[in-house]
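Reading through the structure tokens given below for one structure.
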């Protein structure tokens, strides 16, 4: 149902406010069409009982489109114009300083509105605006989630959700905090981020799925302004697609200048695409095109692979880090794909610390069965040896390749148990052929990895180093996040290809040309 009066009430309230920055200072708000639609949809769409239908609104939009002004206006409306007695409206961000940006805009809006100024008491030392007629307030919160339990939330303005270091504050502020209210609103507004394991990416995916009709949540209102991965980021028409305020609050000439700088400096390209075009990009460019890797998420059924010949790759890393063991099953006459079964372990006692420190969902992966833990605060190699011996009962493991570093005792034990173990160098000579072959097989969609999230994360982390002859190898120094599973996969793939009568026959120019076309 749509209540035109409620929609119009919110629009009129906001249009009576004034802008606060630069040449726009003192100019009536006068919502732009995209802003007007958001306000009308959120505040005019109601349930049969007359209360708002949407309790969560997610707005993802590039910088300089008037994000902070819109968020401040909504905060003031929830505090002063929503008819809620004792409304508690909170401004949240990654830190208090970020949350204060929207609050400071709201303070300036109040100063320019006589009707609000005589009814609102500012307590600036507490970053609080108190609306005296209904004993309501709008206040900034810092990110210490453990202090926020017990709030009776009517509204939350969550600014730059992509910058949240973890999901704690988001969960505390949105899960049950508004249960005592009839129509709480969680307004999440952000630019795109770089971390695809963050709470923002999780909410982004939900919003995108709802927009595309893949999911349905009648209480969730999604808005995403940005370009698709397949869009040409150099095309000005796509700049307008991503920036609804272009030529209004954003000067096209300034965007052009930023674009020229990004074209001349590859380090700035990702920043331009993220902040100006709202694309989710990596902080730096990785080796594997992940949209191609994702196309190889063909089902991998461990039961159907029982009895098949396979080859293992073992990367022990360090005793306090991730250990990876990957099995690669070569093609058979009626199936030309290489099937991948990866296994990962970390110490049990380090799990929670690593989740907090690395901002990587090891705990969730463990719950989902994609990662295992070994007892204690270091890797229990004996446990892994027995695990591999158990795998041998189901799969015909012909060889296990291993990185010589730190693996002497374990590989001796495996050899004593009857396995054929092969030391595998980490230099260009050994690593380059299977690394290039992995890319080739990915381009041809002849790798099947089942979309395993831990392995995919590691593939996305790979940087490669190149020597003057054009050989490549994974670079663990530049790959600041973990790539152990990717290295184990490359080693296992090498043994599978060499022992199944195949050879490395890579037309390197062809591969490079294919990649050039994909990235152009």
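Residue numbers (the UniProt record's numbering): 1 to 520.
Heads up, the beta-carbon is just placed ideally off N, CA and C, and yes, glycines get one too.
A quick note: this is a predicted structure, and the numbers were derived from the prediction, not measured.
For residue 382, the uninterrupted alpha helix (DSSP H) run begins and ends at 381-394, by DSSP. By the 16-neighbour rule on beta-carbons within 10 angstroms, residue 458 is buried. Residue 164 and residue 483 have their C-alpha atoms some 24 Å from each other.
8 Å or more divides the Cβ of residue 90 from the Cβ of residue 203. Under the rule that a run must span 3 or more residues, the beta strand (DSSP E) segments found entirely inside the region 121-205 read 128-131, 136-140, 155-159 and 185-190. Taking C-beta atoms as the reference points, residue 157 and residue 200 fail to come closer than 8 Å.
Under the three-state reduction of DSSP, residue 442 is assigned to helix. A straight line joining the alpha-carbon of residue 377 with that of residue 321 spans about 10 Å. With a threshold of 16 other beta carbon atoms within 10 Å, residue 371 meets it and is buried. Secondary structure at residue 409: helix, using DSSP grouped into helix, strand and coil.
Each residue's CA atom was taken as its position, placing residue 391 and residue 445 some 27 Å apart. Counting only runs that start and end inside the region 74-115, the alpha helix (DSSP H) elements of at least 4 residues fall at 96-111. In the structure shown, residue 272 falls within a helical segment according to DSSP collapsed to helix, strand and coil. Each of 335, 115, 141 and 135 was checked against the Cα of residue 126, and the nearest Cα belongs to 141. Looking at the DSSP output, residue 52 sits in a beta bridge with 46. Nearest Cα to residue 77 within the set 438, 138 and 55: 138. Each of 106, 207, 303 and 359 was checked against the Cα of residue 192, and the nearest Cα belongs to 207.
Sequence-distant partners of residue 399 (beyond 5 residues in either direction) whose C-beta falls short of 6 Å from its own C-beta, in its chain, are 311, 420, 422 and 495.
With a threshold of 16 other beta carbon atoms within 10 Å, residue 52 meets it and is buried.
Residue 257 and residue 243 have their alpha carbons spaced roughly 16 Å apart.
In this model, residue 302 and residue 348 are separated by some 25 Å (Cα to Cα). Remark: three or more beta-carbon pairs, one from each stretch, lie closer than 8 Å, so the region 29-44 and the region 219-237 are flagged as touching. At a Cβ-Cβ threshold of 8 Å, residue 255 and residue 276 count as neighbours.
Bridge partners of residue 2 according to DSSP: 45. In this structure the region 355-369 does not touch the region 460-467; the number of beta carbon pairs closer than 8 Å is below three.
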